[in-house]
Amino acid sequence: MLEDGSPSLGTSLDPSAALLRDFYLLQASGEMLSIWMMKNVEMVF
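Here the sequence shown is numbered in UniProt numbering, starting from 1 and rising by one per residue.
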């Protein structure tokens, strides 16, 4: 982990900030995946 390279959050938030960011990124990619799945399902049926 590069603590000097953290641009905006700062190092005082510990890993919890990075964990939150990863969680939100994962949630966003999950939403994209579900939208893509729904579109494919509409195409199939």
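All C-beta atoms, glycine included, are put in the ideal place defined by N, C-alpha and C. Note that this is a predicted model, so its numbers are computed, not measured.
Express the C-alpha separation of residue j and residue i in angstroms, rounding to a whole number.
i, j, result
"V41", "P15", "38 Å"
"M38", "A17", "32 Å"
"D22", "G30", "12 Å"
"M1", "M43", "Note on M1: pLDDT 46, under 50, position unreliable in the model; the coordinate value appears next. Approximately 43 Å, taken between the alpha carbons."
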